[in-house]
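Asker:
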Amino acid sequence: MNGKVKGTIACGIVAAGLAGALVFLNPKDDNNNAAETSSEIPAAESLVADESVLILEKGADEINSVKVTNENGSYTLKKKNELFRVEELGEISQDDYLTNGAIDCCGCMDAEKMVEENASDLEKYGLSTPRGTIEVSYTDGTSAKVEIGDVAYDENKTYVKTDSSNAVYMMNTATLTHFLEPATVFADLTLIPQPDENSWPEYGKEVITRNDWDYKAVFENDPGNNEGIVAAQVMTEPVFAYLNVTGSTDVTHGMWGLKASDCILPFPDEESLKEYGLDEPRCVVELSGEGYDYTLTVGSQAFDPDIPEGDTPVVLGYYCTLKGAEGCDAVYLIPTESLPWVTFKVEDVLSNLITANFVVDLKELSVEKNGTKTVYEIASNGSSADETPAELTKVTQDGKELDVQEFKKLFQYIITCPTTEICFDEPSGEPEYIITQTDNEGSTDVIELYKDSARRYIVKLGGKPSFRIPSTWTETLDENIESLKNGGKINENY
Numbered sequence: 003m004n005g006k007v008k009g010t011i012a013c014g015i016v017a018a019g020l021a022g023a024l025v026f027l028n029p030k031d032d033n034n035n036a037a038e039t040s041s042e043i044p045a046a047e048s049l050v051a052d053e054s055v056l057i058l059e060k061g062a063d064e065i066n067s068v069k070v071t072n073e074n075g076s077y078t079l080k081k082k083n084e085l086f087r088v089e090e091l092g093e094i095s096q097d098d099y100l101t102n103g104a105i106d107c108c109g110c111m112d113a114e115k116m117v118e119e120n121a122s123d124l125e126k127y128g129l130s131t132p133r134g135t136i137e138v139s140y141t142d143g144t145s146a147k148v149e150i151g152d153v154a155y156d157e158n159k160t161y162v163k164t165d166s167s168n169a170v171y172m173m174n175t176a177t178l179t180h181f182l183e184p185a186t187v188f189a190d191l192t193l194i195p196q197p198d199e200n201s202w203p204e205y206g207k208e209v210i211t212r213n214d215w216d217y218k219a220v221f222e223n224d225p226g227n228n229e230g231i232v233a234a235q236v237m238t239e240p241v242f243a244y245l246n247v248t249g250s251t252d253v254t255h256g257m258w259g260l261k262a263s264d265c266i267l268p269f270p271d272e273e274s275l276k277e278y279g280l281d282e283p284r285c286v287v288e289l290s291g292e293g294y295d296y297t298l299t300v301g302s303q304a305f306d307p308d309i310p311e312g313d314t315p316v317v318l319g320y321y322c323t324l325k326g327a328e329g330c331d332a333v334y335l336i337p338t339e340s341l342p343w344v345t346f347k348v349e350d351v352l353s354n355l356i357t358a359n360f361v362v363d364l365k366e367l368s369v370e371k372n373g374t375k376t377v378y379e380i381a382s383n384g385s386s387a388d389e390t391p392a393e394l395t396k397v398t399q400d401g402k403e404l405d406v407q408e409f410k411k412l413f414q415y416i417i418t419c420p421t422t423e424i425c426f427d428e429p430s431g432e433p434e435y436i437i438t439q440t441d442n443e444g445s446t447d448v449i450e451l452y453k454d455s456a457r458r459y460i461v462k463l464g465g466k467p468s469f470r471i472p473s474t475w476t477e478t479l480d481e482n483i484e485s486l487k488n489g490g491k492i493n494e495n496y
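Every number in our numbering is 2 more than the matching position in the sequence shown, counting from 1.
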């Protein structure tokens, strides 16, 4: 395939991609102005393929650098280690597809047709003061310049000329779009890559700080390794709690695969960080483990500038910075839906399990109320670790054998004690209830319930205040204990 054809294909693909991206990034246009200017130009005949005109004859492999100037400033694409890079972006990670695609666009650049061979009035084409220029320097020491004018009567076309003549051409607008944007359009917007399915790093620790919380939320691997019952991670602050897989995954693993929608400002200084609300952030997410240490800082909301004053503002996302990821020394705009940490409620990610023991792994369950203890002795034909599922075979209370199936319902009732309201208040007095689960290895999980008010109890897990629950739960617990003892049914509602 010759250089002309290869360049055209690559340029077309990248132009289409950029056009789509830039509609979101910069939805404003000057079509009204373009229409006024273009109304002076008579409509041309329908374009056909054989009318295309080569305006830059040398191929992409002969290009040394490309300097672009537009209303946003100027930048230079220059080859570095076999890849073209925007010099002004320095060490900011860049999108190889876009940078090399821009070079392909400049190689053997062709226009769709010539509009006027020797234009005496360049102003009507927007070329007396071009919107942008593309200066191409070649490896043989020569150079050429393309000037970009107004959008034509057909909005898909734009007027251009070279600096070597006054011939005016029409080019595909999408091909030129990225040459009218700032250098930051070439920044790579994938901030943290998504790992392959089989190469996820070992989970370390995630700490979330928010300006609307007086605590931090901390997530770590489950020390009990209860994967399969609940999520593989647990919350360790502000309370210890198990997580539900569906509600917690975005919060615990959302940093991997994090993408921005725009690069706003490379190399921000302190004043710039303040401008974007990053000096007093609304949220900070710290995720660290073996081989990685990321800090995502979330600042002010970014609003759609095209929404008229007085209309309901549309939030595009938040201004953010990211430390610990190579090539990300910039302020980025990240969509709201990619930032679950900013708005999630702690209660929404918690499992409905207050403990995560399998009943077949227990040898004893005791419920003590105001000094009176009920003890259940448990026997099984195996453990949860067995390949063949173990079964509960016998449960006794004071030597009396109980209904195994009803006991399992009682156990389920206890471990699904409500977790919908977290609580940090240290209760006073002594616990009214102490529920102890003892496994076959002798390890224990202790749940303590303290009277908080006429209708509420505070739950302590491992000696730490964790949840506040309704007193109806304890009332039903009392009834269930008595019902099981007398051969009755367990009420699973409260």
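The beta carbon of each residue, even a glycine, is placed where N, CA and C say it ideally should be.
In this structure, does DSSP put S122 in helix, strand or coil?
Answerer: Here residue 122 refers to the residue found at position 120 of the sequence shown. Residue state, collapsed to three classes: coil.
Asker: Taking the alpha carbon of V361 as the reference point, which residue from P467, T438, E450 and S166 has its own alpha carbon closest?
Answerer: Here residue 361 refers to the residue found at position 359 of the sequence shown. Closest option to V361, Cα to Cα, is T438.
Asker: For the segment 326-339 against the segment 367-374, do three or more pairs of beta-carbon atoms, one drawn from each stretch, fall closer than 8 angstroms, so that the two count as touching?
Answerer: These segments do not touch.
Asker: Measure the alpha-carbon distance for L85 versus C108 and round it to whole angstroms.
Answerer: To locate residue 85, count along the sequence shown from 1; it is residue 83. To locate residue 108, count along the sequence shown from 1; it is residue 106. Roughly 15 angstroms separates the two Cα atoms.
Asker: In chain order, what residues of the same chain have a beta carbon less than 6 angstroms from the beta carbon of D295, not counting five sequence neighbours either side?
Answerer: On the sequence shown, residue 295 is found 293 positions in, with the first residue counted as 1. Hits under 6 angstroms: G326.
Asker: How big is the Cα-Cα spacing for I417 and F469?
Answerer: In the sequence shown, counting from the first residue as 1, residue 417 sits at position 415. In the sequence shown, counting from the first residue as 1, residue 469 sits at position 467. One C-alpha to the other measures close to 13 angstroms.
Asker: Assuming I57 contacts T211 (C-beta within less than 8 angstroms), just tell me the rounded distance between them.
Answerer: The count along the sequence shown starts at 1 and reaches residue 57 at position 55. The count along the sequence shown starts at 1 and reaches residue 211 at position 209. No, I57 and T211 are not in contact; Cβ-Cβ is about 55 angstroms, not under 8 angstroms.
Asker: On the CB-based measure, 16 or more other CB atoms within 10 Å of its CB, does G134 come out buried or exposed?
Answerer: On the sequence shown, position 132 is the one that residue 134 refers to. G134 should be labelled buried.
Asker: For D281, which residues from the same chain have a beta carbon less than 6 angstroms from its beta carbon, with the 5 sequence-adjacent residues on both sides left out?
Answerer: Position 279 of the sequence shown, counted from the first residue, corresponds to residue 281. Taken in chain order, the residues that qualify are L275.
Asker: Beta-carbon separation of Y321 and V333 under 7 angstroms?
Answerer: Locating residue 321 in the sequence shown gives position 319, counting from the first residue. Locating residue 333 in the sequence shown gives position 331, counting from the first residue. Yes.
Asker: For the alpha helix (DSSP H) containing V351, list its first residue and its last residue.
Answerer: Taking the first residue of the sequence shown as position 1, residue 351 is located at position 349. From DSSP, the alpha helix (DSSP H) with V351 extends over V348 to V351.
Asker: Could you tell me the distance, in whole angstroms, from the CA atom of A121 to the CA atom of L182?
Answerer: On the sequence shown, residue 121 is found 119 positions in, with the first residue counted as 1. On the sequence shown, residue 182 is found 180 positions in, with the first residue counted as 1. Looking at the two C-alpha atoms, the distance is approximately 23 angstroms.
Asker: For S386, collect the residues of the same chain with a Cβ closer than 8 angstroms to its Cβ; drop the 5 residues on either side in sequence, then sort them by chain order.
Answerer: On the sequence shown, residue 386 is found 384 positions in, with the first residue counted as 1. Here the set comprises F360, V362, D363 and A392.
Asker: Please state whether the Cβ-Cβ distance between P342 and V253 is less than 7 angstroms.
Answerer: In the sequence shown, the residue the question calls residue 342 occupies position 340. In the sequence shown, the residue the question calls residue 253 occupies position 251. Yes, the pair counts as a contact, with Cβ atoms nearer than the cut-off.
Asker: Out of curiosity, what's the CA-to-CA distance linking K410 and C419?
Answerer: Mapped onto the sequence shown, residue 410 falls at position 408. Mapped onto the sequence shown, residue 419 falls at position 417. About 15 angstroms.
Asker: Could you tell me the boundaries of the alpha helix (DSSP H) in which C107 lies?
Answerer: Counted from its first residue, the sequence shown places residue 107 at position 105. Segment D98 to C108, the alpha helix (DSSP H) holding C107.
Asker: Can you look up T510 in the DSSP assignment and give me helix, strand or coil?
Answerer: Since the first and last residues shown for the chain are 3 and 496, residue 510 lies out of range.
Asker: Quick check on I94: buried or exposed, where buried means 16 or more other Cβ atoms within 10 Å of its Cβ?
Answerer: Reading the sequence shown from its first residue, position 92 is the one you call residue 94. Buried, because 16 or more other Cβ atoms sit within 10 Å of the Cβ of I94.
Asker: Quick one, are the C-beta atoms of P184 and N66 less than 7 angstroms apart?
Answerer: Position 182 of the sequence shown, counted from the start, is the residue given in the question as residue 184. Position 64 of the sequence shown, counted from the start, is the residue given in the question as residue 66. Against a cut-off of 7 angstroms, the Cβ pair of N66 and P184 comes out as no contact.
Asker: Relative to the alpha-carbon of T440, which residue among E389, A358, W258 and N200 has its alpha-carbon at the smallest distance?
Answerer: Start at 1 with the first residue of the sequence shown, and residue 440 comes out as number 438. Checked all of E389, A358, W258 and N200; the closest Cα to T440 is A358.
Asker: Given this structure, state the Cα-to-Cα distance separating D427 from G489, to the nearest angstrom.
Answerer: Counted from its first residue, the sequence shown places residue 427 at position 425. Counted from its first residue, the sequence shown places residue 489 at position 487. Those two C-alpha atoms are separated by around 38 angstroms.
Asker: What are the complete beta strand (DSSP E) segments, minimum 3 residues, inside the segment 399-446?
Answerer: 435-441, all fully within the segment 399-446.
Asker: Quick one: grab the DSSP three-state call for V316.
Answerer: Locating residue 316 in the sequence shown gives position 314, counting from the first residue. Coil at V316, not helix or strand.
Asker: Which residue from T446, K115 and F188 puts its Cα closest to that of I266?
Answerer: Counting from one through the sequence shown, the residue named residue 266 turns up at place 264. Comparing Cα positions, the closest option is F188.
Asker: With three or more C-beta pairs closer than 8 angstroms as the rule, is the segment 234-244 touching the segment 454-468?
Answerer: In short, these stretches touch, since the Cβ pair count reaches three.
Asker: Per DSSP, what are the beta-bridge partners of C330 in this structure?
Answerer: Walking along the sequence shown from the start, residue 330 turns up at place 328. DSSP, once it has assigned bridges, lists no residue as partnering C330.
Asker: Just the C-alpha distance for I105 and D63, rounded to the nearest angstrom, thanks.
Answerer: The count along the sequence shown starts at 1 and reaches residue 105 at position 103. The count along the sequence shown starts at 1 and reaches residue 63 at position 61. Distance between the alpha carbons of I105 and D63: 9 angstroms.
Asker: Is L260 near the ligand MN, judged by its Cβ being under 6 angstroms from some heavy atom?
Answerer: What this structure holds is no ligand at all, so the ligand MN is not there to describe.
Asker: So what does DSSP say about D295, is it helix, strand or coil?
Answerer: Looking up residue 295 in the sequence shown gives position 293. D295: strand per DSSP, three-state reduction.
Asker: Got a sec? Which residues, its chain only, sit under 6 angstroms from L49 by beta carbon, not counting five neighbours each side?
Answerer: Position 47 of the sequence shown holds residue 49. Low per-residue confidence applies at L49: pLDDT is 39, beneath 50, and the placement is therefore not dependable enough to give any value.
Asker: In whole angstroms, what is the alpha-carbon distance linking T390 and N372?
Answerer: The count along the sequence shown starts at 1 and reaches residue 390 at position 388. The count along the sequence shown starts at 1 and reaches residue 372 at position 370. T390 and N372: Cα-Cα distance of roughly 40 angstroms.
Asker: Check for me: the alpha helix (DSSP H) holding L275 runs from which residue to which?
Answerer: The sequence position of residue 275 within the sequence shown is 273, counting from 1. Unbroken alpha helix (DSSP H) run through L275: E272 to E277.
Asker: Can you tell me the Cβ-Cβ gap for T186 and P268, rounded? I've got them flagged as a contact below 8 angstroms.
Answerer: Translated into the one-based positions of the sequence shown, residue 186 becomes position 184. Translated into the one-based positions of the sequence shown, residue 268 becomes position 266. About 7 angstroms separates the two Cβ atoms, so the contact holds.
Asker: Excluding five sequence neighbours on each side, which residues of the same chain lie with their C-beta closer than 8 angstroms to the C-beta of E477?
Answerer: Stepping through the sequence shown from its first residue, residue 477 is reached at position 475. Closer than 8 angstroms at Cβ, skipping near neighbours: Y496.
Asker: By the DSSP assignment, the alpha helix (DSSP H) with A381 in it spans what residues?
Answerer: What you label residue 381 is simply residue 379 of the sequence shown in a count that begins at 1. No alpha helix (DSSP H) contains A381, which is instead part of the beta strand (DSSP E) from T374 to S382.
Asker: According to DSSP, simplified to helix, strand and coil, what is G92?
Answerer: On the sequence shown, residue 92 is found 90 positions in, with the first residue counted as 1. Note: G92 maps to coil in three-state DSSP.
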